[in-house]
Amino acid sequence: MKDLEKEYMEELLRKTGTPAPSMIGIDEISIRKGHTYRIVVSDLERKRPIWFGGADRSTESMDTFYEWLGPQKSRKIRLAVMDMWKPFSISLKKEGHAPHAGILFDKFHVMKHLGEALDKVRKSEYYRLSGKDRAFIKGQKYTLLSNAENLTSEGRASLKKLLVANKRLNTAYLLKESFDRLWTYRSETWMRKFFEHWKESLKWQRLEPFEKFAAMIERNWDGLAEYCRLQAKPSLGFVEGLNNKIRVIQRRAYGIRDEKYFRLKILTS
Numbered sequence: 336m337k338d339l340e341k342e343y344m345e346e347l348l349r350k351t352g353t354p355a356p357s358m359i360g361i362d363e364i365s366i367r368k369g370h371t372y373r374i375v376v377s378d379l380e381r382k383r384p385i386w387f388g389g390a391d392r393s394t395e396s397m398d399t400f401y402e403w404l405g406p407q408k409s410r411k412i413r414l415a416v417m418d419m420w421k422p423f424s425i426s427l428k429k430e431g432h433a434p435h436a437g438i439l440f441d442k443f444h445v446m447k448h449l450g451e452a453l454d455k456v457r458k459s460e461y462y463r464l465s466g467k468d469r470a471f472i473k474g475q476k477y478t479l480l481s482n483a484e485n486l487t488s489e490g491r492a493s494l495k496k497l498l499v500a501n502k503r504l505n506t507a508y509l510l511k512e513s514f515d516r517l518w519t520y521r522s523e524t525w526m527r528k529f530f531e532h533w534k535e536s537l538k539w540q541r542l543e544p545f546e547k548f549a550a551m552i553e554r555n556w557d558g559l560a561e562y563c564r565l566q567a568k569p570s571l572g573f574v575e576g577l578n579n580k581i582r583v584i585q586r587r588a589y590g591i592r593d594e595k596y597f598r599l600k601i602l603t604s
């Protein structure tokens, strides 16, 4: 049955042919425990994955996508949506790839970095405190990092109790939630003003993971501001949805060591 499914998926890809995308999304996925990565590239206009490959998430692995696509089609790419991972942008800007394409850092990955900063604050508070104060924090990672609307009434009550009990965590949580407003701006000037105000609010808070996050945003500002500059914007909701979809396929394929089958499942999803 699996062999028949593979033949069917291979035929689907043959009929599709090699695309010529103008907007691409780039993501990496871990295919096994440890640090074994593959790169997934999607056509953001047609809303489908088009390439799965590489040996890791290096510049050299990313180069193989543009070699597959060819220089003529690579030049047609005008926007690449990606994580703030340098090897991907280095490969994009190489001569013969898509050096004139804009780079946009998508919300899904940016907010993931901010969630990691919040979790580091949670861990530091857990190890700093003891007794009843520590007990409030234990086992609350999911509660703290989830969107409030995704929590049950019991989860929301636990979150409220946690934030009332710990001032530093409350401050960090509110900073994370407020940063989400960045994506509502359509003017780069106002987006920048919002970020400067948000960064200013970190002063005296002694939240080092958030300060490091702010420095990372500063270094990569152009990739966020690009969203305000675009005439035709990709759907960031689609990018996030596709990332989640790939991870669902990944969970279902857990334990299957046939990478070719996994690749076909992603490319025909």
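Its first residue numbered 336, the sequence shown is counted upward by one per residue in my numbering.
Ideal Cβ placement from N, Cα and C applies to all residues, glycine included.
Quantities reported herein were computed from a predicted structural model and do not represent experimental measurements.
Quiz item: Are the beta-carbon atoms of Ala456 and Leu517 separated by less than 8 Å?
Solution: Position 121 of the sequence shown, counted from the start, is the residue given in the question as residue 456. Position 182 of the sequence shown, counted from the start, is the residue given in the question as residue 517. Reading off the sequence shown, one finds Val at residue 456, where the question assumed Ala. Going by C-beta atoms, Val456 is not nearer than 8 Å to Leu517.
Quiz item: Given Lys528, which residues of its chain have a CB within under 6 Å of its CB, disregarding the five upstream and five downstream residues?
Solution: Within the sequence shown, the letter at position 193 stands for residue 528. Excluding positions up to five away in sequence, the list is empty.
Quiz item: In whole angstroms, what separates the C-alpha of Thr394 from that of Phe400?
Solution: Stepping through the sequence shown from its first residue, residue 394 is reached at position 59. Stepping through the sequence shown from its first residue, residue 400 is reached at position 65. Each residue's Cα considered, the two are about 10 Å apart.
Exercise. Taking 8 Å as the cut-off, decide whether the C-beta atoms of Ala560 and Glu531 are in contact.
Key: Against the sequence shown, residue 560 aligns to sequence position 225. Against the sequence shown, residue 531 aligns to sequence position 196. No, these two residues do not count as a Cβ contact at 8 Å.
Self-check item: Helix, strand or coil at Asp515 according to DSSP, with G and I counted as helix
Solution: Numbered from its first residue, the sequence shown carries residue 515 at position 180. Three-state DSSP puts Asp515 in a helix.
Quiz item: Can you tell me whether DSSP reads Tyr520 as helix, strand or coil?
Solution: Looking up residue 520 in the sequence shown gives position 185. Coil at Tyr520, not helix or strand.
Quiz item: To which residues does DSSP link Met417 through a beta bridge?
Solution: Residue numbering aside, residue 417 sits at position 82 when the sequence shown is read from its first letter. Answer is Phe440, bridged to Met417.
Self-check item: Whole-angstrom distance between Ala492 and Gly466, CA atom to CA atom
Solution: For the purposes of this step, residue 466 is taken as residue 131 along the sequence shown, with counting starting at 1. For the purposes of this step, residue 492 is taken as residue 157 along the sequence shown, with counting starting at 1. Cα to Cα, the separation comes out at about 21 Å.
Exercise. Measure the Cβ-Cβ separation of Ile366 and Phe423 and say whether it is below 8 Å.
Key: If you number the sequence shown from 1, residue 366 lands on position 31. If you number the sequence shown from 1, residue 423 lands on position 88. In this structure, Phe423 does not lie closer than 8 Å to Ile366 by Cβ.
Exercise. Within its chain, find whatever has a CB closer than 7 Å to the CB of Leu449; leave out the 5 residues flanking it on each side and keep chain order.
Key: Position 114 of the sequence shown, counted from the start, is the residue given in the question as residue 449. Excluding positions up to five away in sequence, the list reads Lys511, Phe514 and Phe548.
Quiz item: At which residues does the alpha helix (DSSP H) containing Arg373 begin and terminate?
Solution: One-based indexing of the sequence shown puts residue 373 at position 38. Premise fails: Arg373 lies in the beta strand (DSSP E), Thr371 to Asp378, not in any alpha helix (DSSP H).
Quiz item: On the three-state DSSP scale, how would you describe Glu363?
Solution: Counting from 1 along the sequence shown, the entry for residue 363 is found at position 28. Strand at Glu363.
Practice problem: Closer than 8 Å by C-beta to Glu489: which residues in its own chain qualify, once you throw out the five before and the five after it? Chain order, please. | Solution: In the sequence shown, residue 489 corresponds to position 154, counting from 1. Result list for Glu489: empty, nothing under 8 Å.
Quiz item: Got a sec, what are the start and stop residues for the beta strand (DSSP E) Pro384 sits in?
Solution: Here residue 384 refers to the residue found at position 49 of the sequence shown. That run of the beta strand (DSSP E) goes Arg383 to Gly388.
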